[in-house]
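J.: Below is one structure. I have some questions about it.
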Amino acid sequence: MGVLTRYRATTAAGVIAALVLVLVFGSPPYGDWARDNANGTGALDWFLTLLTWPSWDFDADLPVRDIVAIALRAILVIVLTAVFLALLTGPRLSRERSGAAQLLTGWSAYIFAGAGAGLLAAIFMSDPSTLGAFQAAAAGAAYGLFTGWVVGLATFGGPGRMT
Numbered sequence: 004m005g006v007l008t009r010y011r012a013t014t015a016a017g018v019i020a021a022l023v024l025v026l027v028f029g030s031p032p033y034g035d036w037a038r039d040n041a042n043g044t045g046a047l048d049w050f051l052t053l054l055t056w057p058s059w060d061f062d063a064d065l066p067v068r069d070i071v072a073i074a075l076r077a078i079l080v081i082v083l084t085a086v087f088l089a090l091l092t093g094p095r096l097s098r099e100r101s102g103a104a105q106l107l108t109g110w111s112a113y114i115f116a117g118a119g120a121g122l123l124a125a126i127f128m129s130d131p132s133t134l135g136a137f138q139a140a141a142a143g144a145a146y147g148l149f150t151g152w153v154v155g156l157a158t159f160g161g162p163g164r165m166t
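This is the structure in structure tokens:
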């Protein structure tokens, strides 16, 4: 297996993990469940609610522009995860990557993807502002920080590791 193929496989594993996170926890049924059941003040309730951040709920009460921005945010989380993983796991950056480096690379790629998706999607909201964009980027970074370990684990010890 060539070096480029190995790094592509690591990127693919991380993107699949991101796709599952967004499709499952960003889905309307999970969002409804989290609103109904994770409404306490504990850390678990906060985390279960945080998982809904890249939602792709099409709420009819929202302006069309906001619905597009919310859907765009979910798509951008996945696309930017692929971009950052490809950039961070490139074969020219390191001849050998430990499993811990892969874990941290996947995790950090998801943090950057969440922040970037929040920032870019905020531009398309119906009432965009600089403060709103910064807050959306911060929310996306927090989402990536607390959920990105899943993407990191997907890339951990994968075929991107050179032996």
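Residues in the sequence shown are numbered from 4 upward in steps of one, following my numbering. C-beta: ideal position from N, C-alpha, C; glycine also.
1) Taking only runs of the alpha helix (DSSP H) that begin and end inside the region 132-163, which ones reach a length of at least 4 residues, in chain order?
2) Buried or exposed for G119, please, with buried defined as at least 16 other CB atoms from any protein chain shown within 10 angstroms of its CB.
3) Helix, strand or coil, according to DSSP, for S129 in the structure here?
4) Closer than 6 Å by C-beta to F202: which residues in its own chain qualify, once you throw out the five before and the five after it? Chain order, please.
5) Output needed for A74: all residues of its chain with C-beta closer than 7 Å, excluding positions within five of it in sequence on either side, in chain order.
6) Measuring alpha carbon to alpha carbon, tell me which of L24, T158 and V153 ends up nearest A104.
7) I'd like the ranges of any alpha helix (DSSP H) spanning at least 4 consecutive residues and lying wholly in the region 51-129.
8) DSSP three-state label for L43, please.
9) Under a Cβ-count criterion, where at least 16 other Cβ atoms within 10 Å of its own Cβ denotes burial, should R38 be classed as buried or exposed?
10) Counting C-beta neighbours from all protein chains within 10 Å, is the total for I126 16 or more, i.e. buried, or is it exposed?
11) Below 7 Å CB to CB, which residues in the same chain sit around T14 once its five sequence neighbours on both sides are set aside?
12) Would you mind working out which of A144, S30, G117 and S129 sits nearest I81, comparing C-alpha positions?
13) Find out if the Cβ-Cβ distance for the pair G109, A141 is shorter than 9 Å.
14) From R68, A144 and M128, pick the residue whose C-alpha is nearest to that of L53; which is it?
15) Classify G29 as helix, strand or coil using the three-state DSSP reduction.
T.: Short version:
1) 133-158
2) For this step, residue 119 is matched to residue 116 along the sequence shown. Buried, because 16 or more other Cβ atoms sit within 10 Å of the Cβ of G119.
3) For the purposes of this step, residue 129 is taken as the residue at position 126 of the sequence shown. S129 falls in the coil class under three-state DSSP.
4) What is shown of the chain runs 4 to 166, which leaves residue 202 out entirely.
5) Within the sequence shown, residue 74 is the residue found at index 71, counting from 1. The answer, listed in chain order, is W59.
6) Within the sequence shown, residue 104 is the residue found at index 101, counting from 1. When only C-alpha atoms are compared, the closest one is T158.
7) 67-91 and 102-125
8) Here residue 43 refers to the residue found at position 40 of the sequence shown. What sits at residue 43 in the sequence shown is Gly, not Leu. In the structure shown, G43 sits in coil (DSSP, three-state: anything other than H, G, I, E or B).
9) As a first step, residue 38 must be located in the sequence shown, where it is residue number 35. Exposed is the call here.
10) Counting from 1 along the sequence shown, the entry for residue 126 is found at position 123. I126 should be labelled exposed.
11) Within the sequence shown, the letter at position 11 stands for residue 14. Same-chain partners within the cutoff: A85, L88, A89 and T92.
12) On the sequence shown, residue 81 is found 78 positions in, with the first residue counted as 1. The shortest CA-to-CA distance from I81 to any of A144, S30, G117 and S129 is the one to G117.
13) Taking the sequence shown and counting its residues from 1, one reaches residue 109 at position 106. Taking the sequence shown and counting its residues from 1, one reaches residue 141 at position 138. 9 Å or more divides the Cβ of G109 from the Cβ of A141.
14) As a working note, residue 53 is residue 50 in the sequence shown. Closest by alpha carbon: A144.
15) As a working note, residue 29 is residue 26 in the sequence shown. G29 falls in the coil class under three-state DSSP.
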